[in-house]
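Encoded as structure tokens, the structure appears first; notes follow it.
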Amino acid sequence: MVEASKLKSLPPVQKMRGPYISVITNHKINLTIRGVVLFSIGVFLALVLNLLQVQRNVTLFPPDVIASIFSSAWWVPPCIGTASAVIGLMYPCIDRHLGEPHKFKREWSSVMRCVAVFVGINHASAKVDFANNMQLSLTLAALSIGLWWTFDRSRSGFGLGLGIAFFATLVTQLLVYKGVFQYTSPDFLYVRSWLPCIFFAGGITMGNIGRQLAMYECKVVQEKAHED
Amino acid sequence: MLLSQLIYYERSLDTPWIPPLEPPAYPNGCQVTPRMTLSDRLHQKISGAFYQHGLLCTSYPVPIIFFTAVCILACCYPLLKLPLPGTVPEEYTTAVRDYSPPPSDPQAPQRDPSDRPDWYVGPPVAYIQQVLVKAVVSPWDQSLIPVDIFRSPLAQVFQLVEEIRNHVHRDSTGSHSLEELCLQVTDLLSGLKKMQSQLPEHGCLLVSPGNFWQNERERFDSDADIIRTVHQHESKGLHTSATVKDLLFGVPGKYSGLSLYNRKRVVSYTITIALQSYHARFLSSLHSRLKQLHPSVNCSLRRDQMVHVHFKEEIGIAELIPLVTTYIILFAYIYFSTRKIDMVKSKWGLALAAVVTVLSSLLMSVGLCTLFGLTPTLNGGEIFPYLVVVIGLENVLVLTKSVVSTPVDLEVKLRIAQGLSNESWSIMKNMATELCIVLIGYFTLVPAIQEFCLFAVVGLVSDFFLQMLFFTTVLSIDIRRMELTDLNRCFPAEACLAPPKPSPLRPREAHQQQYKRLRPVTPYTITLQPSSFRNLTLPKRLRVIYFLARTRLAQRIIMAGTVIWIGILVYTDPAGLRTYLSAQVSEQSPLGKSGGLPPLSVFPVGDPESTLTVLPHPEPTPLLENQSQDQQRPPWASQRDQPPGPDNTPEISWIPPDEETWRRLSFRHWPSLFSYYNITLAKRYISILPVIPVSFYLSAQDAVEARHPQDTQRFHSHFPAFDMQAEQAPEPPGKTLSQPDFTLYKAAALGLVAGVILVLLLFCLYRVLCPRNYGQNGVSHGRRRGRGELPCDDYGYSPPISEISPLLLSGHHMDIECLAGDGMLLVSCCLARQIRVWDTQTGDCLTVIPDPGLRQSSSGVWERQERWEPEPEEEGLEAGVGGYPLRRRLLPSRPALFGDQPDLTPLIDTNFSEQPTCLGHANEGARGGFHFRGLLERAYEEHGATAPNIQGYSPSPAPCSPCRRHSQGDEPLCGPNPRPASCLPAVPGDWDSSVWALELQGSLIAAGRSSGKLELWDALEGCLHCSNEEGKSGITALVFLNNRIVAARLSGSLDFFTVDINKPMNLLQYQGTPNRGSMPPSPCYSSDDVICCQLTHSVQCAHQKPITVLRAAAGRVVTGSQDHTVRVYRLEDSCCLFTLQGHSGGITAVYIDQTMVLASGGQDGVICLWDALTGSRVSHMYGHQGDVTSLICTTSCVISSGLDDLICVLDRSTGIKLYSIQQEVGCGASLGVISESILVTGGQGCVSFWDLSYGDLLQTVYLGKSNEGQGVRQLRVLDNAAIVCDFGSELSLVYVPSVLEKLD
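Top to bottom, those sequences are chains W and U. Position one of the first sequence corresponds to residue 3 (the working numbering), numbered consecutively onward. Position one of the second sequence corresponds to residue 13 (the working numbering), numbered consecutively onward.
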């Protein structure tokens, strides 16, 4: 439901004028490809990171190793995948509408670094023993903002990240409240207090990937427009 | 040496380390503030320090690298003390006697620090007591069936378990039962419901094979198929963890003897008891009780040692997945980082150096931390990727970028120093930021994060150290290597950088000298780098194949994966390596035969406590064995007289490995057993007590009685011809026996599947990450507008500009119409019929034909021009004597008077040599278009003075006469013909008709005019040698080869002329301008020579329709015409050799070169390749939608451009289209190839260089500042690899950027 509302809020695909119908199809195909790539990245990260959270106490071979990979409910990875696709498409879109193309560190190695740091933040949240939840949350918040500063530095990115964090935490709250799932030790209104930080970092990361993917399309569109 | 170095430094202080390329932090003008702020001063100091450091590194590369290596090794030395990572459990053996659990306080008595491991602290998780049962049906009866081997022995377990459970030890302290001492377990893990029936719950952890039948004899008796029951929980795949059977039996499957094909007929199993606390007397009483009940003869097992096994934290697959993910991300990061390294000698070498830098800085940080007493407690493998990511490869890349973007012509030292100082500020700033972030992390006061931060800080510092010393030095070596390779290859572009020296020689002689200096250059070759990271733009299948073949990725990955896998298997599987080693050891010792013959001990089994001393070499004499057997032989054994054969009386033998039968189990046996009850053994230990041996000898009768009724039946149905003696009978593929084989097959199949999946995955990854239409999209980044937006990369560097600035040759007043040139001279003709000769090295205009000084006597055209002349000249003088390039860049490209003139160039077809599709066509195309008259009138009115001359100028009475017609000079002009200045009193030049074709050889210019006149001019003197007016039809194309000139006329006729030179006496002989280096030297013409040009042969009807193209090479003249045919003539005797038919449209492009490659393209878009020797068609390709406008062949491919503004690159042998490049409108025909590997195309105001083999855009050179509409329409590649192209009314001379030559 979250995703659906986000989809609606997604601005309509900008139509290219001019006689080249191929541009439009190209644009749409491109959008689809980007969406699929983002979706799969999201699903993959969801599986892996969920595994990190789940296995916190499991150090030895559980009987069903493979089953533990899919230990979460079936709906979690698709939801996260959809959300990441939406976020990843939304970032370049907002950049375009604001008219300030994101030019900071536009390269794949930087994106990879960003993803690695994101996984590291998750790792820290799952594996490092903190004295109390406050400390954990504060640390993760600092890490997330550091992530934004290191790899994004755009105001739109920060705002969108905050929005995503708020929205996603709200949704999680609702889900837990409805009893869909629950946290082992909730410390912040049914959920963990570090959840917004993770969502924020995730939003930044997916936005980073999405922007990088969108760069290819930008090139094509620019070229076509130029030819017009 | 040192002194000179110092002097050098002193001198280098003068050189600016405030670099010419000011860092982007300072916009223009900001840095000239008189008072410097603190940060500025700091900035400058840092820059200075880095500059010095760069010089130092370049000066002493070897000592510095040596020093760095020593540093790394020294810092890594403490790492030797660290234990190797691994998950194999550690063991520690203590004596059973006087055993007491170690104190739980680690600080307490460290009596034996030497051999007591750190983990041996506190009580163990459990004491494991195993009762090893060996049972045999003896003697074996012929009537028995295989099931009897194990059915009755197994049945004994129930009774034994009962005995153990009910054993009670009574002494002074009271009575102890097993229930009190054993490890009480609760529920199984929730995911193990299916094992609920097998494993005990809510009680003692006591497992035995009886658990298969819930410890009930009745169930066992009624079980028809024991083997199936036992194997029912066997997993189908590979056995990575212990199976239920192993857990319950306590011995590995193949030792249990639970098989129909058990030859030894001994069944062994254990009853495993996990004890909570150690009670020595209870255990000894249990031992003696069991021994009393079931005496084990000849058992010599040692009972004096207990083994503590410590388990490490094990990385399961579930944990491995996130780890692997992080490593994949890490490698992707490294890959994407290192692929950005460019423009260096050895890309791989530098990438390796970068990785080495990062890795050794990590090792150094760990080593240093260990040295200062901080032992790493974190899991190294887990934090390693994050550390690498934090430290990063960025600095290394930034350094490389910075250094390679310094001017190439500087010395290596200065380049390195300047590159370093350019980036010094950002490097320092980044490092300070990172250190700050890490320090903030340190104050989170979370131990794990603190430790991570500590490592990161030390890593960052050591990384900085290594970058500065190691990587910089490696980079300097690399750059120097590149320089060395350049020295071997003299590159001609240098000539244009050198300031033109005033020479006392006559200009031509000076030129010839220059020319001679350049001539010894070997045929100009540019080899591209082995672009391993380039994206192919070939067809997809080829691309994939090339990619795979080039990198051998699949093989390498599969190979590496296999090696790693095998290594892991060997390393982690104690059953593998260890048993192999122990087998080796036991084979070497003479007594260690474990083939079944028991090395027996003389000691009768007595009190367990008293047999603690064991001889190191028990002497197994057969005599003793017999004795003991005789003594202990059970009564039923004596009933048989026959000697104990291997078949009939199976023996129970106790061999030393039986002491520690648990060693044969998987090392995951205990952890998995405990993990079922949610008890982890990670970082804890268990104590394994000496095994209690129990032997059962069962009679055949017992066995028969224990049989299940179905056993016999099934046996007979399965093995109707079962013969116990048939030992050699081929064994049916039994489930148990053939399991290892199956495992092998499964492993192989799995490996294969994994490899295939890996390849597919990599392929997908490659496809995802690489854009699809790279070649076509690539145009986009080449087409930026204006100079201000030169392509720059992510670090703000643009490619070095100094080398690629084009030389603008301005002087013409109207658009360039014809171009010709060789390596030395360049001739151009504009629409105003002015011919200019340029020096291609310096860009000087050498000659103007006609001489502008003659204006007074000439027509109004020249007067007009004279008035235009002074403006640029004065401006140029103001700009100083800095040379033409500078001056010309300052100049506007055309007089300001005509600034508002619309650009008509797309409408006017100026390229006569390429597309003389005929006069009428051109007229039609231009009719109704723009015309100059009004404009000129306005200009003249502004100038005022010479208004009457307008009539003289204005050729056409009609106000709307098309400009095109005017320029062709169709209308008669009034006024006398101008006379050339200093020339012979020969024929005056024809100024009325425009020049349609130009050719240059040596210093002779052949000009074909629209009036059909052929003129020969001296290029340097500017005088007319001779002219020929025999033909009346306009000359559309000219070829000047050796001493022959071939002219194609509009009428379709072909004229062959011979140039005769009567040399007076002293010849200036020089090597001519060989096309492609293999032409005979052409003579040098001097102005003193008497040159005449005779028509030797004229082919009147060479073609039915106008000849459109004319090319000549290798003694052949090729003409293409509108009549769809190509004709090949011999140059010497003008004999027509072949008429090539095959096109379905007019011929628009023809190519022939020295190797007799003949290609033609027509209006039908078809490209034909012909064999010029036989006249046969070699191949036939469809390339374009419209006309083929130009064609070039290289040894491997055919490049064509068409009216559809596409440039197609086709494979020459197969005719497959490799890729195509989208050109801008109207620039399609401008095309050239340099040295077979670089394609040059013209665009809107720029020239682009492409890598021919991959279709990548190498570089785009912008010709002017803001010439939007000026497209490059003609483009010639001169013999010295310069490119000349028309650029409106200017010519642009672009030397191939030396960056391209740097690539290797």
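The beta carbon of each residue, even a glycine, is placed where N, CA and C say it ideally should be. This one's a predicted model, so the numbers in the text were calculated from it and none came from an experiment.
Tell me, please, whether the CB atom of residue i is closer than 8 Å to any CB atom in chain U?
i             : result
residue 214/W : no
residue 90/W  : no
residue 110/W : yes
residue 207/W : no
residue 53/W  : yes
residue 131/W : yes
List the DSSP bridge partners of residue i.
i              : result
residue 1150/U : 1140/U
residue 1114/U : Beta-bridge pairing links residue 1114/U to no other residue.
residue 194/U  : 287/U
By the DSSP assignment, the beta strand (DSSP E) with residue i in it spans what residues?
i              : result
residue 1259/U : 1258-1263
residue 1268/U : 1268-1274
residue 322/U  : 317-323
residue 1020/U : 1016-1021
Using 8 Å as the limit for Cβ to Cβ distance, is residue i near chain W?
i              : result
residue 398/U  : yes
residue 456/U  : yes
residue 404/U  : yes
residue 1111/U : no
residue 949/U  : Any reading at residue 949/U needs caution, since the residue's pLDDT is 49, under 50, leaving its predicted position unreliable; the model's value is listed next. By this cut-off, residue 949/U is not an interface position.
residue 2/U    : Because chain U is modelled from 13 through 1316, residue 2/U falls outside the range shown and cannot be assessed.
residue 806/U  : In this prediction, residue 806/U has a pLDDT of 39, which is less than 50 and means its spatial position is unreliable; what the coordinates show is noted afterwards. Judged by the 8 Å Cβ criterion, residue 806/U is in contact with chain W.
residue 352/U  : yes
residue 461/U  : yes
residue 698/U  : no
residue 334/U  : yes
residue 283/U  : no
residue 449/U  : yes
Which residues mark the beginning and the end of the alpha helix (DSSP H) in which residue i is found?
i             : result
residue 361/U : 359-383
residue 53/U  : 50-71
residue 683/U : 681-687
residue 173/U : 160-178
Below 9 Å on C-beta distance, what does residue i contact in chain C?
i            : result
residue 34/W : The chain inventory of the structure shown lacks chain C, comprising the protein chains W and U.
key: contact_flag[the region 289-304 of chain U, the region 187-204 of chain U] where n(CB pairs < 8 Å) is 3 or more   = Counting C-beta pairs closer than 8 Å gives three or more between the region 289-304 of chain U and the region 187-204 of chain U, which meets the contact rule.
task = Would you check if the region 334-349 of chain U and the region 461-468 of chain U touch, i.e. whether three or more CB-CB distances between them fall below 8 Å?
result = Cβ pair count under 8 Å is below three, so no.
request  = May I ask you to verify whether the region 104-119 of chain U touches the region 402-413 of chain U, counting CB pairs closer than 8 Å and requiring at least 3?
outcome  = No, the region 104-119 of chain U does not touch the region 402-413 of chain U.
inquiry  = Short of 7 Å Cβ to Cβ, which residues in the region 336-349 of chain U face chain W?
reply    = Answer set for the region 336-349 of chain U: 337, 338, 341, 342, 344, 345, 348 and 349.
key: Inter-stretch contact at 8 Å, needing at least 3 Cβ pairs: the region 38-57 of chain W / the region 168-182 of chain W   = The region 38-57 of chain W vs the region 168-182 of chain W: no contact.
Any 3 or more C-beta pairs closer than 8 Å across the region 467-477 of chain U and the region 446-459 of chain U = Counting Cβ pairs under 8 Å, three or more are found: they touch.
query = Quick check: the region 125-139 of chain U against the region 271-280 of chain U, are there 3 or more CB pairs under 8 Å?
reply = Counting Cβ pairs under 8 Å, fewer than three are found: no touch.
task = Would you check if the region 79-89 of chain W and the region 114-134 of chain W touch, i.e. whether three or more CB-CB distances between them fall below 8 Å?
result = Because the criterion of three Cβ pairs below 8 Å is not met, the region 114-134 of chain W and the region 79-89 of chain W do not touch.
ask   = At a cut of 8 Å, does the region 410-423 of chain U reach the region 106-123 of chain W through at least three beta carbon pairs?
value = Fewer than three pairs of CB atoms, one per stretch, sit closer than 8 Å, so the region 410-423 of chain U makes no contact with the region 106-123 of chain W.
query = Are the region 99-109 of chain W and the region 148-160 of chain W touching by the rule of at least three beta carbon pairs closer than 8 Å?
reply = Short answer: they touch.
query = Within the chosen definition, does the region 362-374 of chain U reach the region 421-438 of chain U through at least 3 CB pairs nearer than 8 Å?
reply = The region 362-374 of chain U is not in contact with the region 421-438 of chain U.
task = Count the CB pairs spanning the region 166-181 of chain U and the region 217-232 of chain U that are closer than 8 Å, and state whether there are at least three.
result = Touching, per the Cβ criterion.
task = Decide if the region 1197-1204 of chain U is in contact with the region 1226-1238 of chain U; the criterion is three or more beta carbon pairs, one per stretch, under 8 Å apart.
result = For the pair of segments examined, the region 1197-1204 of chain U was found not to touch the region 1226-1238 of chain U: the number of CB pairs separated by less than 8 Å stays below three.
key: Inter-stretch contact (C-beta, 8 Å, three-pair minimum) for the region 831-844 of chain U and the region 1283-1298 of chain U   = In the pairwise beta carbon analysis, the region 831-844 of chain U is classified as touching the region 1283-1298 of chain U: at least three pairs are separated by under 8 Å.
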